[in-house]
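Chemist: Following this message is one structure expressed as structure tokens.
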Amino acid sequence: MAGMNMAVKLNNGKEMPFIGLGTWQSPKDEVKAAVRAALDAGYRHIDTAYNYMNEDAIGEVLQEYIKSGKVKREELFIVTKLPMIHMDPKLVKRSIEISLKKLQLSYLDLYLIHLPIPLVYDGNDNNVFPLNEAGGWKAADKWDLLGTWKAMEELVDLGLTKSIGVSNFSISQVERICKVAKHKPVTNQVECHIYWPQKELFEACKKLGVTLTAYAPIGSPGRPERFKKADEPVALEDPIIKKIAKKYGKTPAQVLLRNLIQRGIIVIPKSVTPERIRSNIQVFDFSLSKDEMEDIDKIKTKRRYFDVAAMFKDHPERPW
Ligand SMILES: NC(=O)c1ccc[n+]([C@@H]2O[C@H](COP(=O)([O-])OP(=O)(O)OC[C@H]3O[C@@H](n4cnc5c(N)ncnc54)[C@H](OP(=O)(O)O)[C@@H]3O)[C@@H](O)[C@H]2O)c1
């Protein structure tokens, strides 16, 4: 593999760079410097979401780079996500238009359904995680995943996004969509790292022509405390990863990312630290041997860091 923008061919013929900059929990003031550092380092793929509340700051930097001629719009691969409060098919077009306006773009490269469960929309576009009395997320009474997908497909026909996809979807949910889709999902963005390798989901998606995008690819060490449990394994400190990193003179983060890319999985490491942003894309100048890939594959520890589905115990669209 060579070249920073090694790309995966999607089922609609478009190409998606293997590495993108993640931006969850990147506050507006910091995300600007992060996106500048990423574009300067050669990243062309940026992952954000309506829910991250930083699309406008990212948009400012994209505009700055496009206007100055440092990058062309066509070279960029910009991904954002439909919030759960806007999953009613009637709200989908308006939602992408809000995101596009903030991002200062006329089209997206990829638009994802953030999660398969709609939340109650109370008319407040900023109340993205409405809560119920028990303190959990307030799921909407009606849901119609295929209806939401149809509304997503219309966005492609309208030229508002080049590709559409899903996030946090189960095998059966991806299958249900693929069965009826006019425009198939190009990717399913899910938690994926050495302790949650998603083998079954990856294989099932592959059969359907759907790629996998790994969130938390280096183990999301900065996730909020509410997602942490005592004695959790830390991917960056895994002895096997550290040993391999030492051998190649690479960082543990680079080995974790290389492992996923070598499996054929797209990665979106998040950082607001310019030095880390630069180093996280330096993963195309070495490769892991078959034995090293197998050693990682054999790691017994299993841990899902983000059990978002637990918030929706009895919901029929609960993905896991
Ligand atoms: N679809 C979804 O539901 C969903 C859910 C979660 C995440 N995502 C997406 O996936 C992206 C990545 O996931 P994530 O942010 O949870 O986790 P991650 O990318 O695995 O980890 C990010 C954390 O690692 C640190 N870090 C980055 N590079 C490092 C390096 N080279 N060495 C040591 N530490 C390093 C970052 O710190 P600094 O920033 O301080 O450098 C940050 O705290 C998100 O940003 C978001 O775009 C999507």
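The sequence shown begins at 548 in the numbering used here and counts up one residue at a time. Just so it is clear, CB atoms sit at the ideal spot from N, CA and C, and this is done for glycine as well. Just so it is clear, the structure is predicted and the values come from calculations on it, not from any experiment.
1) Excluding the 5 residues flanking residue 575 on each side, which residues of the same chain have their C-beta closer than 8 angstroms to its C-beta?
2) Would you call the segment 686-694 and the segment 737-746 touching, i.e. three or more CB-CB distances under 8 angstroms?
3) Measuring from the CB of residue 770, is there a heavy atom of ligand 1 at a distance below 7 angstroms?
4) Does the Cβ of residue 615 have 16 or more other Cβ atoms within 10 Å, making it buried, or fewer, making it exposed?
5) For a minimum of 3 consecutive residues, which ranges assigned as the beta strand (DSSP E) are wholly contained in the segment 620-644?
6) Could you give the residue range of the alpha helix (DSSP H) that holds residue 888?
7) Out of curiosity, what's the CA-to-CA distance linking residue 784 and residue 703?
8) Whole-angstrom Cβ separation of residue 584 and residue 821, contact assumed at under 8 angstroms?
9) For a test of your reading of the model: does the CB of residue 763 fall under 7 angstroms from any non-hydrogen atom of ligand 1? Yes or no.
10) Which of the three DSSP states, helix, strand or coil, is assigned to residue 597?
11) By the three-class DSSP mapping on this structure, what secondary structure does residue 803 have?
12) From which residue to which residue does the beta strand (DSSP E) around residue 652 run?
13) Skipping 5 residues on each side, what residues in its chain have a beta carbon closer than 7 angstroms to that of residue 551?
14) Can you say whether residue 591 is buried or exposed, counting buried as having 16 or more other CB atoms within 10 angstroms of its CB?
15) Would residue 610 be called buried (16 or more neighbouring beta carbons within 10 Å of its own) or exposed?
16) Cutting at 6 angstroms between CB atoms, please list the residues of its own chain near residue 622, excluding the five before and the five after it.
17) Please go through the same chain and pick out, in chain order, the residues whose beta-carbon is closer than 7 angstroms to the beta-carbon of residue 867, but skip the five residues on each side of it.
18) Taking residue 562 as part of the beta strand (DSSP E), name the residues at either end of that continuous run.
19) Here's the rule: buried if 16 or more other CB atoms are within 10 angstroms of the residue's CB, otherwise exposed. What is residue 781?
20) Using beta-carbon positions only, say whether residue 656 and residue 710 come within less than 8 angstroms of one another.
21) Quick check: is any heavy atom of ligand 1 less than 7 angstroms from the C-beta of residue 810?
Modeler: By the coordinates alone:
1) Here residue 575 corresponds to residue number 28 of the sequence shown, with the count starting at 1. Cβ within range, chain order: 600, 601, 603 and 604.
2) no
3) Working through the sequence shown from its first residue, we reach residue 770 at position 223. Yes, ligand 1 has a heavy atom inside 7 angstroms of this Cβ.
4) Counted from its first residue, the sequence shown places residue 615 at position 68. That one is exposed.
5) 624-629
6) Within the shown structure, residues of the chain are numbered from 548 to 867, placing residue 888 beyond reach of any answer.
7) In the sequence shown, residue 784 corresponds to position 237, counting from 1. In the sequence shown, residue 703 corresponds to position 156, counting from 1. If you take the alpha carbons of residue 784 and residue 703, they lie about 42 angstroms apart.
8) Along the sequence shown, one-based indexing puts residue 584 at 37. Along the sequence shown, one-based indexing puts residue 821 at 274. Their Cβ separation, rounded to whole angstroms, is 4 angstroms, which keeps residue 584 and residue 821 in contact under 8 angstroms.
9) Taking the sequence shown and counting its residues from 1, one reaches residue 763 at position 216. Yes, since a heavy atom of ligand 1 falls inside the 7 angstroms radius drawn around the Cβ of residue 763.
10) Numbered from its first residue, the sequence shown carries residue 597 at position 50. Reduced to three states, the DSSP call for residue 597 is helix.
11) Counted from its first residue, the sequence shown places residue 803 at position 256. It is helical.
12) Here the question's residue 652 lines up with position 105 in the sequence shown. That residue, residue 652, is in no beta strand (DSSP E); it is neither H nor E in DSSP.
13) For the purposes of this step, residue 551 is taken as the residue at position 4 of the sequence shown. Excluding sequence neighbours, residue 551 sits near 589, 828 and 831.
14) Mapped onto the sequence shown, residue 591 falls at position 44. So residue 591 counts as buried.
15) Walking along the sequence shown from the start, residue 610 turns up at place 63. The residue is exposed, with fewer than 16 neighbouring Cβ atoms inside 10 Å.
16) If you number the sequence shown from 1, residue 622 lands on position 75. Excluding sequence neighbours, residue 622 sits near 591.
17) Position 320 of the sequence shown, counted from the start, is the residue given in the question as residue 867. 717 and 856.
18) Taking the sequence shown and counting its residues from 1, the one referred to as residue 562 is at position 15. Note, residue 562: beta strand (DSSP E), 562-564.
19) Taking the first residue of the sequence shown as position 1, residue 781 is located at position 234. Classification of residue 781: exposed, given that the 10 Å Cβ count is below 16.
20) Position 109 of the sequence shown holds residue 656. Position 163 of the sequence shown holds residue 710. It is a contact, given that the beta carbons lie within the stated cut-off.
21) Indexing the sequence shown from 1 puts residue 810 at position 263. No, since every heavy atom of ligand 1 falls outside the 7 angstroms radius drawn around the Cβ of residue 810.
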